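What follows is a short report on a single structure.
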Amino acid sequence: MSSSGEVKVSSSDVLQIVQRHYREFDEKSLKILGYDFVPFSNDTQGFLSHQQYLCVLLKHQTKDGIFEEKLKFFAKLMPISSESLTSYIEDFNVFDKEANVYRVLFPRLQGINLGTEFAAKCFMARNDILVFENLAEKQFRLGTMPGSILDFHHLKVALKTLASIHSASIILESRSKKSLLELYPQCLQENAYPEDKNSTWVGFVKLTIKTLSSFISLIPKYRDSPDLDILIKKFNKTLDRIFIFARKSDKYRNVVNHGDLWANNLLFRYDTKDPNSPKPIECRLVDFQLVRYAPPMLDVLTILTIPTTSAFRKNYLDNLLELYYEFMKDFLKDHNINIEEEIPKEQFNDSVEYFKLAGLIESCLFSHITLLPPDIADSIHQNSADFAKFATRDKFEICKKAFESNQVYRERMTDMISEIMDNYVL
């Protein structure tokens, strides 16, 4: 028995993981010699999980002889550094949900042959630990530039992957003759922006929106306005619309949404023929803790807004949207489905205009956390009192410190807040 914190993994668990990895070897031909958890990184990688490698030494027998081999798997575990963070995640139900997604929904979606993979292979899905293939060994890595920015080429590859999971949703529904929300409610229930106003998480989102509204008083072009209080209230009300955007739509086609598309949840593999200018050629999505059933455009405009600037979107948004539509069109065509019967181009264009604000709101809600300087982010993670403070009350003071001391944080937050103010509030 080996453990990481309170998470226990037995030798039989490890044997099952290895069997699923190899597939072709039966239990009698495999023997686990040893295994252990190894720290993944000293850097903060995410707010909703603790990441480690599960390293395994094994012996397996083939017709060519007996061989020893070392395997390294990627493991996500409940975070143990902060009691407040652990309690918060349990209330949020993200581990139960992601485990269900990998156990129940993804075997169906990944079973649809689209010629591309959208997620890592999962070899164990429990409510306290998830074990995956190690994508780093396949040369996948983060593709962000300073400021958590992605360029056109990375976004194009990411959109193809996103189109594949959205298309697989439509294909599976076409075969099942039922909506995926009806078939897999435990996987697709909204947990980021729930309708239950008494939910703990709704309180957290409301606090975040209040914090973001207070940013307006820090931005020179708004802070001296005689109507500052009115502007803050209008901004707050505008951000509240995310609860409506995240719902299942009665107007637009709904699909499985990733729901958590910030830059660190996209991993890329590169063509390295030119080492000075590696070209992204493949993308995998990770962290399916906020999966929902909603129009594809909510995902699309989230992925095209969080890791970009307003100047970039002005030049490239239309082109990238066309590429996404063509990717989905081709995926569906390969399975004898006409995209015009599922998402007519006119409806697609209409949904772009409707969800542009949603993408901006998501950008604010995610980025005020994900762009925090490492020293501030680490303090929140590692100190139970600091996390409780950040999650329940004095959020603005922490964000204000980052805004005033870190140029990237200040510029990125100002850019996204200003776009909402100038286009949807003033």
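Here the sequence shown is numbered in the UniProt record's numbering, starting from 1 and rising by one per residue.
Note that beta-carbon positions come from the ideal geometry of N, C-alpha and C, so glycine has one too.
Here the structure is a predicted model, which is why all the values come from computation and not from measurement.
Self-check item: Rounded separation between I306 and R313 - CA only
Solution: 11 Å
Quiz item: Does the count of Cβ pairs from the stretch 197 to 215 and the stretch 363 to 380 closer than 8 Å reach three?
Solution: yes
Exercise. Count the other C-beta atoms from every protein chain shown that fall within 10 angstroms of the C-beta of T44, then say buried if there are 16 or more, exposed otherwise.
Key: Note on T44: pLDDT 45, under 50, position unreliable in the model; no value is reported.
Quiz item: In terms of residue numbering, what span does the alpha helix (DSSP H) encompassing N319 cover?
Solution: S310 to K333
Quiz item: Does the distance from the C-beta atom of R108 to that of L188 stay below 9 Å?
Solution: no
Self-check item: Helix, strand or coil at T272 [DSSP, three-state]
Solution: coil
Practice problem: Compute the beta-carbon to beta-carbon distance between L266 and L290, rounded to the nearest angstrom, for a pair I have assumed lies under 8 Å. | Solution: Not confirmed; about 15 Å, so no contact.
Quiz item: Can you give the Cα-Cα distance for K233 and T144, rounded to whole angstroms?
Solution: 34 Å
Quiz item: How is I129 classed by DSSP in three states: helix, strand or coil?
Solution: strand
Exercise. Report yes if the C-beta distance between A402 and L360 is below 9 Å; otherwise report no.
Key: no
Practice problem: Assuming L261 and D299 form a contact by the criterion Cβ under 8 Å, report the distance between their Cβ atoms to the nearest whole angstrom. | Solution: 6 Å
Practice problem: Return the CA-CA distance between S351 and A377, expressed in angstroms with no decimal places. | Solution: Going by the C-alpha atoms only, they are around 35 Å apart.
Practice problem: Given a cut-off of 9 Å, decide if N191 and N93 are closer than it, judged by their beta-carbon atoms. | Solution: yes
Exercise. Using 10 angstroms around the beta-carbon of I129, count the other beta-carbons present and answer buried if the total reaches 16, otherwise exposed.
Key: With 16 or more other Cβ atoms inside 10 Å of its own Cβ, I129 counts as buried.
Quiz prompt | Residue of E326, E346 and I281 minimising C-alpha distance to F140 | solution = I281
Quiz prompt | Three or more C-beta pairs below 8 Å linking the stretch 117 to 135 and the stretch 93 to 107 | solution = Enough Cβ pairs lie closer than 8 Å, so yes.
Practice problem: Kindly indicate the opening and closing residues of the beta strand (DSSP E) around E68. | Solution: G65 to L77
Quiz item: Per DSSP, which one or two residues make a beta bridge with G34?
Solution: L57
Quiz item: Can you give the Cα-Cα distance for H153 and F268, rounded to whole angstroms?
Solution: So the alpha carbons of these two residues sit roughly 11 Å apart.
Exercise. In the DSSP assignment, find the beta strand (DSSP E) that holds L285 and state where it starts and stops.
Key: That run of the beta strand (DSSP E) goes K279 to L285.
Quiz item: Where does T116 sit, in a helix, a strand or coil, going by DSSP?
Solution: coil
Quiz item: Just how far apart, CA to CA, sit T200 and D240?
Solution: 16 Å
Quiz prompt | Limits of the alpha helix (DSSP H) - the one that residue 428 falls within | solution = Within the shown structure, residues of the chain are numbered from 1 to 426, placing residue 428 beyond reach of any answer.
Exercise. For S310, I'd like the list of residues in its chain whose CB is within less than 7 Å of its CB, leaving aside the five on either flank, ordered along the chain.
Key: D415 and E419
Quiz item: Quick one: what does DSSP say K8 is sitting in, helix, strand or coil?
Solution: strand
Quiz item: When DSSP labels each residue in this structure, what does Y22 get in the three-state scheme?
Solution: helix
Quiz item: Which residue from E117, S213, C283 and R292 puts its Cα closest to that of Y184?
Solution: R292
Quiz item: Just curious, the alpha helix (DSSP H) that A158 is in, first and last residue?
Solution: F152 to S176
Quiz item: Of the choices T308, L114 and V131, whose alpha-carbon is the least far from that of K121?
Solution: V131
Exercise. Return helix, strand or coil for N198, following the three-state DSSP convention.
Key: In the three-state DSSP reduction, N198 falls in the coil class, being neither helix nor strand.
Quiz item: Span of the beta strand (DSSP E) holding N134?
Solution: Careful: N134 lies outside any beta strand (DSSP E) and carries neither H nor E.
Quiz prompt | Outcome for E68 when other beta-carbon atoms lying within 10 angstroms are tallied against a minimum of 16 | solution = Exposed is the call here.
Self-check item: Cβ neighbour criterion (16 or more within 10 Å) applied to L426
Solution: Per the 10 Å Cβ criterion, exposed.
Exercise. Using a threshold of 9 Å, state whether the C-beta atoms of F288 and A136 are closer than that.
Key: no
Quiz item: Which value, in whole angstroms, describes the spacing of the CA atoms of G259 and A358?
Solution: 12 Å
Exercise. Throw me the rounded Cβ distance for the Y325 and F243 pair, which I believe falls under 8 Å.
Key: The pair is not a contact, with the Cβ atoms about 27 Å apart (cut-off 8 Å).
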